[in-house]
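Protein chains in written order, with our numbering: chain A, 7 to 496; chain B, 325 to 405; chain C, 32 to 281; chain D, 535 to 679; chain E, 195 to 701. Glycine included, C-beta positions come from ideal geometry on N, C-alpha and C.
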Amino acid sequence: MVQDSYLPLLAFLVSLCAVPAIVWLRRAPNRREAATFVAAFLKFGFVLAMLPAVLGGEVLRFCFFEILPGLPLEFRVDGLGLAFALVASGLWIVTSLYSVGYMRGAGEGNQTRFFVCFAISLSATMGVAFAGNLFTLYVFYEMLSLSTYPLVTHHGDREARTGGRTYLGYLLGTSIAFVLPAMIYCYVKTGSPMTFASSGFLAGEVGPAGGMVLLLMLTFGFAKSGLMPFHSWLPGAMVAPTPVSALLHAVAVVKVGVFCVIRVFTGVFGTGFLGELDVAYVVSWAAAFTVVTSSLIAMSQDNLKRRLAFSTIGQLSYIVLGVSLLSPYAVQGSMMHIAMHAFGKITLFFCAGAIYVAAGKKYVSQLDGLGRTMPWTMGAFAIGAMSVTGLPLTGGLLSKIYLIWGAADAGQLALLAVFVVSSVLNGVYFFPIVYRAFFCAPEGGAAPGGIKEAPLACVVPLTFTAVVTVLLFFFPGLLFELSSLMIAAE
Amino acid sequence: MIWQFDIIILIFMVVTAVIALRVKDLLAASMVFGIYSFLICLLWAEMGAVDVAFTEATVGAGVSTVIMVATVFSTRRRSKD
Amino acid sequence: MKLFGLIAVIIVGALLLSATGDFPDFGDPQSPASASPLSTHYIEGSVYETKVPNLVTAVLADYRGFDTMFETVVIFVAGIGIIAVLRAFGTPAAELPEGGGEEGDDDLIIRTTCNLVFPVIQVFALYVVAHGHHSPGGGFQGGVMLGASYILLALSCGLPAAKRRLGERQTIVLAAIGVIVFAGWGVACVLFGGNFLDYAALDPIIPGDVQMARSHSMLGVEIGVAFTVTAIMFVIYANLSTRGRLRDGL
Amino acid sequence: MEPALASFLQEQIVPKFNYWVYVVLMMIGLYAMIAKNNLIKKLIGMSIFQTAIILFYVSVGAKDGAGIPILDHHTYEHALEHPGDEHIDRDGYANPLPHVLMLTAIVVGVSTLGLALAIAQRIFTSFGSIEEDEILEKLQPGGHD
Amino acid sequence: MIEFFGFLAHQAPLVTVLAPAFGALLVTLFGRGKAEAGLPLALISLSLSSVGAVVTLFHVLASGGELRYRLGGWAPPFGIEYRIDALAALTAAAVVLVGLVNAVFSKTRVAAEAGEKAPFFYTLYLFLLAGLCGIVFTNDAFNLYVLIEITSLTSYALIAMGNRRAALSSFNYVIMGTVGASLYLLGVGYLYIKTGTLNIDGMRAAMAEAGIWGDASITVAFILILVGLWTKMAFFPLHGWMPNAYSYAPTAVGTLMAPLMTKVMVYVMLRVMLFAFGADFSYGGAGCGDIVVALSTVAIVAGSLLALARSDIKKMLTYLIVAEVGYMVGGAWVGNEAGLTGAAYHILSDAAMTFCLFMAVSIIVLRTGDHRLTAFTGLFRKMPLTMIGFTVGALSMIGLPPTCGFFSKWYLVGGGIEAGRWDYVVALLFSSLVNAVIFFRIFERAYFGEMDEPAPAGDDADSRPSQPLERVPWSMLVPLFLAAAAVLLVGLFNNTLAGWLRAALAI
């Protein structure tokens with residue numbers, strides 16, 4: 007079952023190796039971007055190359071060395087990790103294209119630093135996805151926090167500084183204060199290498215009270231998942247340039263957060279053991295609270311990116327809520343939702359960025375009539391909104407169905423209601439935007455001159471992701487298989 | 325070892341130590357400290373530690389006092405406490 | 032500060048006194064310290080191993096010779112430290128604030144007496160160094176006395192007079208040579224196949240039997256000690272009495 | 535006198551008076567180091583503190599009825615002539631080890647004193663005072679802690 | 195030939211200690227008045243010493259645990275002996291390597307700051323290192339005292355070679371250091387009066403044989419020795435001498451003493467606890483384990499908060515050292531393998547990261563001419579290389595993987611959890627968070643450049659360098675990178691190192 011392989015290492019290293027190249031080519035922007043693309047395609051290729059083996063039920067393992075007594079630094083690629091890695095590395099290609107368009111279109115400075123940090127954070131994301139044990143997970147989690155800081159504060163103004171401070175404060179603070187002691191406690195108490203196992207390496211080692219404390223520390227400690235009350239870094243981080251918000255705060259960073267939470271539930275404790283302990287309900291209610299509250303807050307946000315950020319917080323909590331239900335359907339739904347939401351939300355962010363580049367508009371109230379001048383962008387926006395809301399013909403529907411099914415299966419009707427109500431709320435805060443864009447007259451009567459469709463490098467990626475969002479509805483097979491690998495292992 | 329002698333020297337030592345710390349004239353303090361060292365030297369000799377006594381006589385009563393006086397001369401003679 | 036000092040004194044004093052009751056009586060020959068094999072061996076056995084009747088010298092220069100080497104280093108370091116801290120190379124005297132001392136004028140009687148006493152002290156000091164095996168004394172005591180003789184000279188005839196006999200550069204070299212003699216003696220033992228400071232290894236080159244090799248080696252290192260101590264005592268005095276200017280002192 | 539006090543004196547103080555006096559001296563020194571304001575006074579306190587410890591050590595080495603730790607001539611000659619015949623009695627000589635240690639301690643004491651005096655002189659050169667409070671006052675305008 | 199190498203390996207500890215000592219003496223003999231006369235000799239002797247330390251380390255590992263070397267050829271307890279285990283060999287290697295690298299680092303500074311006194315500076319510098327190595331190796335309680343005094347005297351003098359504030363702080367150090375060393379000496383005296391020996395192993399054996407663990411004087415001796423060592427290692431609240439002394443001292447002295455002095459004293463504490471008194475007494479009979487851990491908790495919290503409140507960079511770092519000392523004391527006292535390993539490992543890792551940070555900060559202070567946090571403004575752009583070194587050290591202080599600070603925290607927290615000392619665990623995490631705040635505040639300033647906020651009040655003329663450096667020479671940057679590499683390497687090889695340490699400390 008477990009098979010040693012260098013593929014995980016290659017997939018991890020390829021973007022790190024791109025860093026010197028990017029720095030070296032800093033004087034020739036075109037060739038610099040070429041380096042990024044080469045690395046992105048190579049990385050996607052390596053991840054794809056692992057697909058057959060993983061689908062065949064293998065776990066690909068790569069061990070660096072034993073870093074602490076009995077504790078190796080190692081990669082283990084299973085279905086969940088590979089699904090996540092596929093999404094992240096695939097979207098890196100798209101985002102790279104988009105960021106070239108965006109950064110040049112918006113005339114941002116320090117582009118070399120931007121691409122360097124971007125590459126490093128992608129490596130860190132891969133590290134998290136492939137991490138074979140809790141320790142490795144933690145190492146790359148911290149690496150991601152640090153490498154995204156320069157991206158978040160890219161503009162270097164007062165607002166960026168405040169945002170960056172909140173960002174690091176929350177992420178580092180929670181991980182040091184909660185995850186680190188919890189992890190050391192697990193290590194000291196079990197003496198095991200903390201390898202993720204479907205039955206959970208903590209199974210049978212802790213009692214209900216201890217389990218409760220550990221679960222809470224680990225769940226809230228991975229604050230990238232945006233669970234309230236540790237969510238406010240995410241709206242703060244929206245000061246970043248849009249490609250960053252798009253990839254990192256729709257895909258890499260936040261998904262790393264929920265990915266870690268899923269690992270905690272399925273790999274550290276094991277859903278079976280958590281069911282015995284009967285402690286997951288605390289997380290469920292925290293997540294449910296976050297889902298509803300964040301949707302309500304999102305409705306009142308006029309800044310488009312902040313509205314998207316709060317929407318993200320809500321959607322992330324869907325995933326946490328799903329996994330905390332401990333029902334196989336809900337867990338599978340959670341895993342699928344990582345991908346579905348990723349494509350939907352990244353489309354939305356791409357659109358927000360495109361609007362900013364093309365029309366210079368940041369606020370929802372300014373979008374009246376924009377659909378007529380930027381039909382591609384706003385069309386994609388509509389598709390993304392549909393997917394995030396969970397309407398038919400988009401991938402979002404499938405994962406939501408699984409989640410709701412899981413809630414019903416777990417007998418948690420109140421939580422099922424939360425899913426339904428919040429989906430309605432999602433619609434309520436998204437569709438007015440679409441409506442305004444297509445059916446309202448622009449401010450001041452006629453369409454203001456000068457606003458055209460966004461640059462091609464922006465429009466192509468967002469169109470592509472919108473198409474993928476639709477395709478995922480019709481062809482969810484691969485995702486479905488990868489996620490059911492995890493369920494089957496239990 | 326003669327314990328009567330011992331006690332007398334010890335009492336004198338405590339007295340000289342207190343005086344050395346209480347006088348406001350640092351030169352006097354240094355000299356009293358020299359006396360203190362000399363008493364100690366006597367005490368060592370009386371306790372059979374002749375080598376220590378010899379060293380204390382040369383180092384403690386001799387050089388220490390001289391360098392302390394030297395310092396007092398090159399700084400201030402009056403002390404506030 | 033006074034209150035804090037009082038509190039600290041009371042706490043530490045109480046701590047120390049609480050242990051006093053536990054000690055063996057003062058002067059008890061059977062106390063663990065006096066009856067231990069260690070002290071018994073030093074008293075009863077050392078003369079057979081080193082042929083030195085002064086037990087303190089035997090322990091100081093042989094059994095615990097390594098301590099004594101570092102003790103010499105302590106002295107050396109203190110002297111170098113004082114130079115490093117205080118010595119003002121070439122600073123004009125006017126720039127330094129004046130202290131309370133006043134220059135005393137030379138007195139013929141004192142000068143003559145000191146000139147008479149000076150050689151006597153030195154001879155006696157050399158005797159103390161050399162006779163440390165048999166009577167109280169040794170390198171430290173003799174060295175301090177030698178140093179004191181120069182201090183006396185500086186006190187009576189002024190620092191320049193003393194500096195003519197023992198200049199600054201010579202002093203420092205003498206001090207370093209003293210430590211080198213001691214440590215070099217130890218290294219010589221290593222070269223002859225023993226451990227560091229294992230004088231017995233020098234038996235082949237020192238006349239007499241193994242015990243005499245130890246005894247003579249002790250004399251050798253004591254001389255090294257005396258060099259350093261002599262030099263450093265004078266350095267300390269010379270720097271402290273002139274605030275590092277090495278012009279006329281007290 | 536109370537019998538309890540008398541027995542305490544009998545058992546604790548009289549046979550161990552040296553150990554009591556060394557504590558008194560040490561505390562005098564310690565108090566001076568902490569509470570005195572004048573740097574030279576602090577150093578006198580420091581020296582008293584160190585000699586108190588030397589007193590303790592030498593007291594440890596003292597023995598009732600013992601002589602100085604140097605073999606008398608007769609014993610020495612005898613030992614040289616008859617190496618096998620171990621007739622030296624340890625109770626006749628004071629314990630040499632504490633003496634050795636204290637030689638070192640005295641030397642360390644004078645070295646520390648010399649260096650400290652040098653530093654004090656340097657402080658006097660830069661600040662024009664050897665009173666701690668005056669020096670700290672001079673530092674006030676610019677300095678903190 | 196093999197015999198010859200065996201001979202060399204046997205004498206390696208001696209070379210480690212004596213090479214710097216002879217170097218110092220030769221510097222005094224031949225270096226007259228010239229500013230850089232001492233440097234080549236210092237470098238040669240320290241290289242020799244480093245080789246000695248490394249050979250010793252491998253010899254210890256090869257011979258399975260410990261080496262003994264009889265000085266003067268006398269068997270203990272009559273003579274003095276060296277006892278070298280893996281911890282000792284590693285600490286000694288750290289000491290001489292830091293000394294060597296720092297000699298290179300401070301090459302230009304010694305010439306500038308000591309001037310004509312440079313030969314004397316190097317003499318003291320080398321003797322300080324020789325003393326530290328001797329402390330690490332010796333197995334004799336009194337020899338330890340003499341060596342402690344050598345290191346103290348040299349450091350008093352070295353610190354006092356700085357500006358006038360340095361002289362004042364050095365005087366404070368003299369007073370406190372003497373009290374500390376004297377209390378240690380007194381404690382040794384108490385042990386001697388009860389056991390009749392000065393050999394550290396012999397003391398434990400004698401106490402066990404006589405069964406006097408319960409005596410009041412043994413407990414008092416233990417307390418005296420500990421308080422004495424705590425004073426020397428600046429354990430809160432006995433840290434008063436340190437911040438000023440390290441921040442006003444000459445550059446080369448601050449960078450040398452900050453990483454070494456407190457750590458070696460921690461090493462001595464471990465040695466005394468485990469070998470002179472034995473683990474049973476230290477953790478059981480003495481009955482003060484709980485209190486000491488509580489004290490170290492206070493030290494960690496207080497050190498971190500005091501550091502947070504400083505605007506002077508070097509002082510901030512020294513308060514961080516106060517907190518780090520709390521880490522080590524606490525780890526040594528939680529009384530289990532993980533904690534002890536953590537404390538011992540932290541000796542190495544703290545030496546590496548403090549060295550790294552002090553060098554970086556010294557460069558920055560010298561280059562910008564500003565000793566406050568404002569010096570960092572915009573430095574990532576202006577001095578990227580220095581900031582890389584600084585960043586590595588800072589991340590280690592915060593405790594982020596894969597730096598060594600993370601792993602020592604890992605062991606220490608593990609020890610705290612195993613012993614159920616939650617207060618200590620919380621204090622460690624709290625200090626990590628405070629360090630994160632401190633350093634990210636600096637990073638922010640360095641990253642964003644100019645900030646329109648008022649400069650912190652209280653300019654202290656005495657700690658400002660007289661003339662800012664024109665540019666940073668490579669002789670300063672390369673040592674900084676070496677230290678940064680050491681931070682990472684000690685971190686990555688923590689498993690191996692901790693394995694050796696665990697064997698050495700087996701309780």
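Can you check DSSP and say which residues form a bridge with Q9 (chain A)?
A:L66
Is there at least one Cβ from chain D nearer than 9 Å to E134 (chain C)'s Cβ?
For E134 (chain C), the pLDDT reaches just 46, beneath the cut-off of 50, and the residue's location in the model is therefore unreliable, although a value from the coordinates is still provided. So, not an interface residue.
Distance cutoff 9 Å, beta carbons only. Does K195 (chain A) sit that close to anything in chain E?
yes
With H, G and I counted as helix, E and B as strand and the rest as coil, what does DSSP make of G601 (chain D)?
Of the three classes helix, strand and coil, the one that applies to G601 (chain D) here is strand, per DSSP.
With a Cβ-Cβ cutoff of 9 Å, do P489 (chain E) and F430 (chain E) count as a contact?
Note that residue 489 (chain E) is Leu in the sequence shown, not Pro. The answer is yes: Cβ separation under 9 Å.
Against chain D, does F329 (chain B) count as a neighbour if the rule is that its beta carbon must be under 9 Å from one of theirs?
no
Tell me the DSSP bridge mates of Y263 (chain E)?
E:Y276
Should P128 (chain C) be labelled buried (16 or more other beta-carbon atoms within 10 Å of its own) or exposed?
Annotation note: pLDDT 46 at P128 (chain C) (below 50); position unreliable, coordinate value reported separately. It is exposed - the Cβ of P128 (chain C) has fewer than 16 other Cβ atoms within 10 Å.
Beta carbons nearer than 9 Å to chain B: which residues of the stretch 572-584 of chain D have them?
N572, L573, I574, K575, L577, I578, G579, S581, I582
Look up D18 (chain C) in the DSSP assignment and say whether it is helix, strand or coil.
A query on residue 18 (chain C) cannot be resolved here, the shown segment of chain C reaching from 32 to 281 and no further.
So, with DSSP's three-state summary, where would you put P461 (chain A)?
Three-state DSSP puts P461 (chain A) in coil, outside helix and strand.
Separation of F321 (chain E) from P453 (chain E), as counted between CA atoms:
Their backbone Cα atoms lie some 17 Å apart in a straight line.
Straight-line CA distance for G434 (chain E) to V105 (chain C)?
25 Å
Can you tell me which of A:A188, A:Y191, A:D308 puts its alpha carbon nearest to the alpha carbon of P241 (chain A)?
The candidate whose alpha carbon is nearest that of P241 (chain A) is A:D308.
Do you know offhand how far P648 (chain E)'s Cα is from P247 (chain A)'s?
Per-residue confidence for P648 (chain E) stands at a pLDDT of 49, beneath the threshold of 50, marking its modelled position as unreliable; no derived number is given.
With DSSP collapsed to three states, give me the class of F227 (chain C).
Coil.
Could you tell me which chain B residues have their CB closer than 9 Å to the CB of I669 (chain D), listed as they occur along the chain?
Listed along chain B, no residue sits closer than 9 Å to I669 (chain D) by beta-carbon distance, the nearest being about 12 Å off.
Partners in chain B for Y268 (chain C), counting only beta-carbon separations shorter than 9 Å
What Y268 (chain C) touches in chain B: V387, V390, I391, A394.
Just verifying my parser: in three-state terms, what is the DSSP assignment at A385 (chain B)?
helix
Proximity of M355 (chain E) and V83 (chain C) at Cβ, strictly below 9 Å:
no
Three-pair Cβ contact test at 8 Å for the stretch 243-256 of chain C versus the stretch 626-633 of chain D:
no
Spell out the partners DSSP gives L74 (chain A) in its beta bridges.
A:L77
Counting contacts by CB-CB distance shorter than 9 Å, is G325 (chain E) in contact with chain D?
no
Separation of Y193 (chain A) from L103 (chain A), as counted between CA atoms:
So the two alpha carbons sit approximately 43 Å from each other.
Nonlocal neighbours in the same chain, by C-beta distance under 7 Å from F3 (chain A), ignoring five residues either side:
Residue 3 (chain A) is absent from the structure shown; chain A starts at 7 and stops at 496.
Nearest candidate by alpha-carbon position, reference K49 (chain A), set A:L404, A:A27, A:F70, A:C23
A:C23
If distances are taken between C-alpha atoms only, which option among C:T144, C:T103, C:V78, C:F35 comes closest to H612 (chain D)?
C:V78
Looking at the unbroken alpha helix (DSSP H) that takes in D375 (chain B), where does it start and where does it end?
374-379
Any beta-carbon of chain D closer than 9 Å to the one on G422 (chain E)?
Not flagged as an interface residue toward chain D: G422 (chain E), since no C-beta distance is shorter than 9 Å.
Assuming contact is defined by CB atoms lying nearer than 9 Å, are T348 (chain E) and G374 (chain E) in contact in what I supplied?
no
Close-in-space but distant-in-sequence residues of the same chain around I412 (chain E) (CB under 7 Å, 5 per side omitted):
Listed in chain order, the non-local C-beta contacts of I412 (chain E) below 7 Å within the same chain comprise K388, M401, I406, local neighbours out to five positions each way being set aside.
Contact check, L224 (chain A) vs V270 (chain A), beta carbons under 9 Å:
yes
Closer than 7 Å at the beta carbon, the chain C residues around F378 (chain B):
P167, G168, Q172
Could you say if the stretch 320-338 of chain A and the stretch 224-239 of chain A meet the contact criterion of at least three C-beta pairs nearer than 8 Å?
Segments in contact, yes.
Residue environment, K33 (chain C), which counts as buried when at least 16 other CB atoms sit within 10 Å
exposed
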